[in-house]
Amino acid sequence: MSPEPLLSPEEVSSSREVISRLLDGLGQAILGQEVLLKLAVTCILARGHLLLEGLPGLGKTELVKSLSALLNLSFRRVQFTPDLLPGDIVGSPILEEQDGGRRLVFHQGPIFANLLLADEINRATPKTQSALLEAMQERRVTVMGTTHPLPLPFFVLATQNPIELEGTYPLPEAQLDRFAFKIQVDGIGPETLQTIITKRHHGEPPVLKPVVSADELDVLFARVDRVHLPEAVANYIARLVSATHARYEDSPEVARQFIRFGASPRAAIALANTARAAALIAGKPNVGFEEVKFVAPSVLSHRIILDYSARMEGWDNPSLIQELIARVPEVDREIPADVRV
Amino acid sequence: MQDSHRWIQRHWRRLQWGQFLGVSADYLAMCLVGLGSAILLVKLFLPQLWPHALWLGLALCLVPFLAWRKVQRVRFTRTEATALLDRKLQAGGLLMTLSEAPDDQWQQHLPRVEHLWRESLPKVRPRRFASLVTVPLAFAVASCFIPLRENTPLQATPRKVAQQTTDQLEAILKTLEEADVLKEEEKEALRKEIEKFAEETHQQPLTHEQWETADSLKQQLQMSWERNERSLESASQALEQLLSALANQGEMSADQLQQLENSLGQNLQSLAQKAGQGKLGDLSEGLLDKLNQLAQSGKLDLPENAEQRQKMLDELKQKLQEESEKLAKQRSECQGLCEGGNCPGGQCQGEGQCEGNKPGQGGVTRGRGDAPMIWGAESDLANTKFKEIVLPPGTLDDPSEQILGLTYKEPEVNVAETAPRGELRETDPSAGRATWDRKLNPRHRETVRKFFNAERKAQSIPADGGL
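So the protein sequences, as listed, match chains B and P. At position 85 of the first sequence the residue is numbered 85 (my numbering), and the sequence of numbers has no breaks. Position in the second sequence counted from 1, then plus 1000, gives you my numbering.
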């Protein structure tokens, strides 16, 4: 079987131009968060779901709203609360009179949109949270035995607060695993803050117009799929994900000691897909080790469960993943000492 | 082939070469250490294997082959080599991609300056190889120059000594049989004795009784030689006397001649027995008959005819001379065994080794009884009467006092008439012995006393109390 032809330089260039428009538009709405924006776009291009975690007021919700505006996608927002029910999200059958008779008619919930903002997702009960499981993985919902496909593309962009944990329900592992990225939204510097207070009266963001059409987005998705993943990089991804498992023989000592459960194969898939998207954003027809290292912390940090001793030793998920990235070599073999460069 | 592929191939080969060098260095170092150790062991403990141990050096020829086989098993894959080169070129995975999915357009995005490619190739580092191999190589070479340990003779185990002794006895017996100097009964008796000796010493080490048995057997065998030699010698002497008497017939009476004939007959008994057994076939018929007659009757009957008698006696003389020479020759051939081996006194330390035959060195099993006793090179301490002891200063209580001299005698103290009395008596030497005794350190006084007492005893001078 002949390998799929590489993206041509023109295709890469035109894709990059579209992506630049999107990033520029996001940059107008969210100031001083270039890396965050790049990661968010990477996740969107990889058709992955995004979980944003950060303190209130850092622009998480605004980021999602900006994305929907720029991508010209249908957008729904659901504010998750403890009394929210699954039916409030996926929809429910309503008894209606039609043609002289009564029948149950399915009324679509807010999940039937291209972009679903699940704001403060950890405030809903696990029952409600699990209503998203099928939708996120299979892009469809099943109500009373009837399966309803969701509009494509479908993204869940969720936010959650790391504080005010009283009355919240931490996302179950299965739910977390379905998010391609979990991004920590950090604070911004004084220069950015000064710009915000200078240019944003009353904190209102600029009105954004769509810069990427649906067709262009489809083309981008197709081109992401065509980004070449070299064998050595695939091997690196596999070793990196395997290194999160203590039973893996080449796993670093720090992983053996502090990681109780490692990342799933879904993590490896997400890593490869998001690395492809990152490569296209970087204007490359192929994935390199740099793209994998760029997306790995966002892909892996929420997919590992640490041992209780890790916290005592001062480790948390992101720092441990960074340590693994530093420890796992890009190529499994080093250049022999007799022919050092 | 595109340039990038060519560089990938070169990079791949260079990596394999590096692996080969690394493994070769390890194997070579191990082999050289092993070879050096083996040579060292041989030189110190098995010197007889030197220089055959150098053949072990041929194992070094296997090193490249084994190293190459090892490298083939663990060698870099082309993908790995490409990834390493890609990383070095900072191509961001494009080189890896193009090696898997060639694309002419993207090919142009790879570095086009040959210098960059060349710089990315790993360099061979012979210095590391040399540093790994140098010390083991020096060790192996140095071990070749270590002097061979002196080839000490093999320790003669008791069983081996017994075997050697048995062999020696059997060899002597065989030589005696060949020389035909033993009678049948003597031969049988000696053979039985030797067999018994061999059986007794087969499993157990030699005891002093068995050594005496061996010596006795050797002595018997030596005596057989000597008896036969004496017999031939006396027969020759008797024959000479008879021939001399016959030449001067007028001077001797018939009885004296008969007496000489009888004497000759008695001394020719052993020769006559050999003739009777047909072992002297080259004799004339007349002499053979006479010898047979002698063997049967015990009396030598020489012909009456003077000419015939003279002829027979001349033939007999010649035969005796031949027998004597034959016996001497056989004994000389037997010299190594029949007279105690190559080593004077028979004190060999091993097979053919006589290094121990020097006075005072003795043999392995029995020592040398005939080593001369030599006195000389006596110890320098022969005249030392007592062990030297360094004592602390003993008498100089007053710093102004001086040592006027040292003698081997007891100090003479003359009590002055004007010797001080009272308190001065304690410190003035002229006050007498008590003062002198008081001033001398007790330890010094005891040592001096011991010395003079010992000297007086040696000179048989009765101790009168002295000190």
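Think of the CB as a built atom: it goes at the ideal place given N, C-alpha and C, for glycine as much as any other residue.
Query, Result
"How many angstroms separate the CA atom of G1340/P from the CA atom of K1218/P?", "Here the model assigns G1340/P a pLDDT of 43, short of 50, so the residue's position is not dependable and the matter cannot be decided."
"Between S1236/P, W1106/P and E1080/P, which lies nearest to K1319/P when the distance is taken from Cα to Cα?", "S1236/P"
"Could you give the uninterrupted runs of the alpha helix (DSSP H) lying entirely in the stretch 55-116 of chain B, keeping only those of 4 residues or more?", "60-71 and 86-90"
"In its own chain, which residues sit with a C-beta less than 7 angstroms from the C-beta of L1040/P, not counting the 5 before and 5 after it?", "S1143 and I1146"
"With 16 as the cutoff for other CB atoms within 10 Å, does D83/B come out buried or exposed?", "exposed"
"Nearest CA to the CA of L1271/P: which residue from A1198/P, E1240/P and K1317/P?", "K1317/P"
"What first and last residue would you give for the alpha helix (DSSP H) that runs through T1077/P?", "Counting along the chain, T1077/P falls outside any alpha helix (DSSP H), and DSSP gives it neither H nor E."
"Grouping DSSP H, G and I as helix and E and B as strand, with all else coil, what is P149/B?", "strand"
"Contact between the stretch 182-202 of chain B and the stretch 145-155 of chain B is defined here as three or more beta-carbon pairs at a separation below 8 angstroms; is this criterion met?", "no"
"Let me make sure I understand the geometry here. Which of E1178/P, L1302/P, C1031/P and L1132/P has the alpha-carbon closest to that of K1329/P?", "E1178/P"
"Identify each residue in the stretch 198-231 of chain B for which the Cβ-Cβ distance to at least one residue of chain P is less than 9 angstroms, and report them in chain order.", "H228, L229, P230 and E231"
"Does the contact criterion of 3 or more C-beta pairs under 8 angstroms hold for the stretch 155-175 of chain B versus the stretch 113-124 of chain B?", "yes"
"Please check if any C-beta of chain C sits within less than 9 angstroms of the C-beta of D316/B.", "In the structure shown, chain C cannot be found, because the protein chains are B and P."
"Along chain P, in chain order, which residues have C-beta atoms closer than 9 angstroms to that of F289/B?", "A1083, D1086, R1087, G1092 and G1093"
"Quick check: L1206/P and T1165/P, are their CB atoms within less than 9 angstroms of each other?", "yes"
"Count the other CB atoms, across all protein chains shown, that sit within 10 Å of the CB of M144/B; report buried if there are 16 or more and exposed otherwise.", "exposed"
"Between which residues of its own chain and R1366/P is the CB-CB distance below 6 angstroms, once the five residues before and five after are set aside?", "Low per-residue confidence applies at R1366/P: pLDDT is 49, beneath 50, and the placement is therefore not dependable, though the value from the model is reported in the following sentence. So no residue of the chain qualifies."
"Can you list the residues of chain B that E1080/P reaches, using a CB-CB cut of under 9 angstroms?", "A232, N235, V331, D332 and R333"
"For H49/B, which residues does DSSP report across the bridge?", "F179/B"
"Mind listing the chain B neighbours of K1070/P? Cutoff is C-beta to C-beta under 8 angstroms, in chain order.", "In chain order: nothing, as chain B lies at least about 12 angstroms away."
"Which runs of the alpha helix (DSSP H), 4 residues or longer, sit entirely within the stretch 274-308 of chain B?", "289-300"
"Pull up the DSSP beta-bridge partners for I259/B, would you.", "L306/B"
"State buried or exposed for E1323/P, treating a residue as buried only when at least 16 other CB atoms are found within 10 Å of its CB.", "buried"
"Please report the straight-line C-alpha distance between V35/B and E17/B, rounded to a whole angstrom.", "18 angstroms"
"Please list, in chain order, the chain B residues whose beta carbon lies closer than 7 angstroms to that of Q979/P.", "Outside the displayed span of chain P (1001 to 1467) sits residue 979/P, for which this structure offers no information."
"Using beta-carbon positions only, say whether L37/B and L63/B come within less than 9 angstroms of one another.", "yes"
"Taking just the CA atoms, how far does Q1048/P sit from L1137/P?", "24 angstroms"
"Thinking C-beta only, is A118/B closer than 9 angstroms to F80/B?", "yes"
"Mind checking if K293/B is an interface residue toward chain P, Cβ cutoff 9 angstroms exclusive?", "no"
"Just reading off the alpha helix (DSSP H) that A214/B is part of, what are its end residues?", "A214 to R226"
"Which class does T1175/P belong to by DSSP, given the choice of helix, strand or coil?", "helix"
"What three-state label does DSSP hand F155/B in the structure shown?", "strand"
"Report all residues from its chain with a CB closer than 8 angstroms to the CB of S309/B; omit the five preceding and five following residues, and keep chain order.", "Q257 and F258"
"I want to verify the contact list: residues of chain P whose CB lies under 7 angstroms from the CB of P336/B, in sequence order.", "L1015, G1018, Q1019 and G1022"
"To the nearest angstrom, how far is the alpha carbon of R1227/P from that of Q1204/P?", "34 angstroms"
"By a C-beta neighbour count over all protein chains shown, 10 Å radius and 16 as the cutoff for buried, is C1061/P buried or exposed?", "exposed"
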